[in-house]
Amino acid sequence: MKFLSLFFATLLAVILLPIPMVAAVTPITPGDNLVVEGIPPIPSDIVQKVERYTQFRSAGISSWHPTKREMLISTRFADTRQTHYVKSPLATRQQLTFFPEPVRGASFQPTEGNYFVFSKDTGGNEFNQNYRYDLDTGETTLLTDGKSKNSRGVWSNRGDKMIYTSTRRTGDDADFYIINPQNPASNKLLTQNKGGGWYGLDWSPNDDKYLALEYVSVNESYLWLVDTATGEKKRLLPKDGEEKISYDGGYFSKDGKGLYVITDKDSEFSRLAYVELDTLEHTYLSKKFRWDVSDFDLSDDGNFLAFVTNEDGTGVLHILNTATRRFKRLPKLPIGQIYGIRWHNNNRDLGFTLISAKYTADAYSLNIRNNKVERWTLSETGGINTSSFSDAELVRWKSFDDRTISGFLYRPPAKFTGKRPVIINIHGGPESQFRPSFLGRYNYYLNELGVAVIFPNVRGSTGYGKTFTKLDNGFRREDSVKDIGALLDWVATQPELDKDRILVTGGSYGGYMSLAVATKYSDKIKAAIDIVGISNFVTFLENTKGYRRDLRRVEYGDERDPKMREFLEKISPTNNAENIKVPLFVIHGKNDPRVPLIEAEQIVETVRKNNVPVWYLMAKDEGHGFSKKKNIDFQFYSTVMFIKEFLLG
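Laid out in structure tokens, this is it:
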């Protein structure tokens, strides 16, 4: 017994030794495709602490089978999102595609469903190629040229053709091509277009016309009719002489006499409308909702329109009878976001993807005859009970011009006492909006680190009317940065938030915002993280891909104009980088076609001269944001270390 006592005492002493175990100090090795500069070695114990928060999965509906009550979904089992087959609610997910690159959606052939068409790019370069997947053999066939940027396309009603856009002619212009996917050799140019903002919407009931959208800006777009035999196209809306109007989406009515569209014509908000093709008269179908319509779909028989309104950031589903113009009573769905609504050909089942603050995204269906809601996927959450996750709290503050700006605050659990440090995360776009949703890995910052997170919707955001969306255009660009300055002042007035511990971050345009805030308010923040952000508007506009350049000039200004060029240079973070006095973390993908890698390289080089810590992470196999799990994981480990050292430390 004495021996055993001595043995256990010795064992306990060894266990309690302050020297860490070897595994705890072994650093994590970044993947071969990652370039890491300034980031200290990441100990493996960080991986152990955050592991469960890296295991969240999500799923979304891609396409209904045309004759069976079965669907294709998109989800990730390994490193990237792929296409899976689900044959009944909560049935086993059968993975069909297996590629190192993510598969971008899939759509069944719409009459028989014996094959589907999907898209994927290479290394995040967004030069998507289309492929046919044959269900009988599992074989894939390339349908596009393998080089240019292509959209997945829209099926004809007969299901024998698709029309899609491709930049193969000039590299900049999105032309329309037509193809029979069962015969790749049938691929041919249908219509030459000018610019990169062209999208296909719908075929007319007899397949002789094609509805197309020409996007110029968030406030300006045009609807065109294209002859599917000759390629002749005619501008339909807006009429000549009308002010700039936005159109988004469109379907032919089943009698071919009209269109269902989303438009901000005669309104601050985007409404669902019916347009008579003979007169172009608009009848507004959602005018009782003072909110943007964000998505809609027409049933195969044309009897029902399903649409989603964006009500102060929450997605609300509605179904309208097109004959009676009456709304159907629907069951109450969880508060969150509803995406990808798709009618089954049976005109009974409506599929959609639902996500909320407490639940990751999954595929659902609604039977409109009995109002039965069925869940088709149940995505894993790393064993974490997500029902206790924080809900979003709508907050408002006054900006420099007395305009009210809003955002969403997520508070950490009550177990964290005292003033809480804050992460401000600014969305990209800028024509976008943060809407309360499942935060995924961000829940680690809330639940384990006790950090509060604020997602602001500064001027320029969508969802608050088209006047608000225009408030940051051109020479007013820095007014949105001032909105964050006002938010920093608001944080200082909140008794539960710590004004002395604030980190600002964002992706894409939000990356620019985080850099701009760091140049103007370094005395009010502790650190900044820039993810695929713009650091100089002139070099950005000169180097972004040609098919995007004119679209971005509408928003940011034309760098070829001397006065605008001078202004853009003046406000660009690279030309104000000496004012960045806080630690900076820059994250980028080498193949980013939107915000080229030079934007990251030049801000890193410039800020390093300030003698402040600069961390740099670049992935050679990624584009505008990381999409491969192994890269996302390393980014997360690094970010946790950065937050601990420079926000919490």
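In mature numbering (1 follows the signal peptide of the UniProt record, and there is no 0), the protein residues as written are -23 to -1, 1 to 626.
Heads up, the beta-carbon is just placed ideally off N, CA and C, and yes, glycines get one too.
Whole angstroms are fine: how far does the CA of residue j sit from the CA of residue i?
| i | j | result |
| --- | --- | --- |
| N344 | R129 | 28 Å |
| G8 | P77 | 14 Å |
| F(-17) | S21 | Residue confidence for F(-17) is low, a pLDDT of 32 falling below 50, so the modelled location carries little weight; the figure read from the coordinates is stated next. Spanning the two alpha carbons is a distance of roughly 30 Å. |
| P(-6) | N10 | Bear in mind that a pLDDT of 38 at P(-6), under 50, signals an unreliable position, so the number given afterwards is only what the model happens to contain. If I take the Cα positions, the gap works out to 36 Å. |
| Y489 | D111 | 44 Å |
| A554 | S491 | 12 Å |
| K242 | H259 | 9 Å |
| Y108 | V94 | 6 Å |
| G395 | A469 | 14 Å |
| N127 | W180 | 19 Å |
| D475 | I382 | 20 Å |
| Q159 | K138 | 9 Å |
| I239 | P590 | 48 Å |
| P550 | R29 | 36 Å |
| K349 | P308 | 8 Å |
| L(-20) | S333 | Since pLDDT at L(-20) reaches only 32, below the 50 mark, its modelled position is unreliable, and no value is offered. |
| F246 | Q579 | 39 Å |
| G172 | F266 | 34 Å |
| F471 | G292 | According to the sequence displayed, residue 471 carries Gln and not Phe. The alpha-carbon atoms of Q471 and G292 are separated by roughly 29 Å. |
| I431 | F619 | 18 Å |
| V24 | I401 | 24 Å |
| R397 | G427 | 7 Å |
| residue 627 | R478 | In this structure the chain extends from -23 to 626, so residue 627 is not present and cannot be described. |
From the DSSP output, which residues share a beta bridge with residue i?
| i | result |
| --- | --- |
| W592 | F562 |
| F284 | F273, H295 |
| Y62 | L49, Q71 |
| T117 | Y110 |
| T44 | Per DSSP, none; premise fails for T44. |
| Y387 | V430 |
| H601 | None; H601 has no bridge partner. |
| L474 | R397 |
| Q169 | DSSP lists no partner for Q169. |
| S244 | Its beta-bridge partners do not exist; DSSP assigns none. |
| A505 | V481, L561 |
| L214 | L200 |
| S84 | V94 |
| E253 | G235 |
| N402 | T482 |
| Q314 | I332 |
I'd like the span of the beta strand (DSSP E) that includes residue i, first residue to last.
| i | result |
| --- | --- |
| K607 | No beta strand (DSSP E) contains K607, which is instead part of the alpha helix (DSSP H) from 606 to 620. |
| K497 | From DSSP, K497 is part of no beta strand (DSSP E) but of the alpha helix (DSSP H) over 486 to 497. |
| Y176 | 175 to 180 |
| L625 | Careful: L625 lies outside any beta strand (DSSP E) and carries neither H nor E. |
| T260 | 259 to 261 |
| L11 | 11 to 14 |
Which term fits residue i, buried or exposed, when burial requires 16 or more other beta carbons within 10 angstroms of its beta carbon?
| i | result |
| --- | --- |
| M(-3) | Residue placement at M(-3) cannot be trusted, given a pLDDT of 39 that sits under 50; the coordinates are not used to answer. |
| E116 | exposed |
| L167 | buried |
| Q169 | exposed |
| G503 | Before going further, note that residue 503 is Lys rather than Gly in the sequence given. Looking at its Cβ environment, which holds 16 or more other Cβ atoms inside 10 Å, K503 is buried. |
| F229 | buried |
| K497 | buried |
| V584 | buried |
| V481 | buried |
| N420 | buried |
| V43 | Here residue 43 is Pro; the residue named in the question, Val, does not match the sequence. By the 10 Å Cβ count, P43 comes out buried. |
| F281 | buried |
| V285 | buried |
| G317 | buried |
| K165 | exposed |
| H364 | According to the sequence provided, residue 364 is Ser. The question's His does not apply to it. Exposed: under 16 other Cβ atoms inside 10 Å. |
| L371 | exposed |
| D98 | buried |
| R453 | exposed |
| S65 | exposed |
| Q71 | exposed |
Quick one: give me the first and last residue of the alpha helix (DSSP H) that residue i is part of.
| i | result |
| --- | --- |
| E455 | 454 to 469 |
| D22 | 21 to 27 |
| D225 | Segment 224 to 229 is the beta strand (DSSP E) holding D225; no alpha helix (DSSP H) there. |
| I546 | As written in the sequence, residue 546 is Glu, which differs from the Ile given in the question. Counting along the chain, the alpha helix (DSSP H) containing E546 begins and ends at 539 to 548. |
| G523 | 523 to 533 |
| E191 | First-last for E191: 186 to 194, but that is the beta strand (DSSP E), not the alpha helix (DSSP H). |
| L423 | 419 to 424 |
| V581 | 575 to 584 |
Start-end ranges of the beta strand (DSSP E) lying completely within the segment 327 to 372, minimum 3 residues:
Within the segment 327 to 372, the complete beta strand (DSSP E) segments at least 3 residues long are 339 to 344, 349 to 352, listed from N- to C-terminus.
Whole alpha helix (DSSP H) elements within the segment 132 to 163, 4-residue minimum: Correct list: empty.
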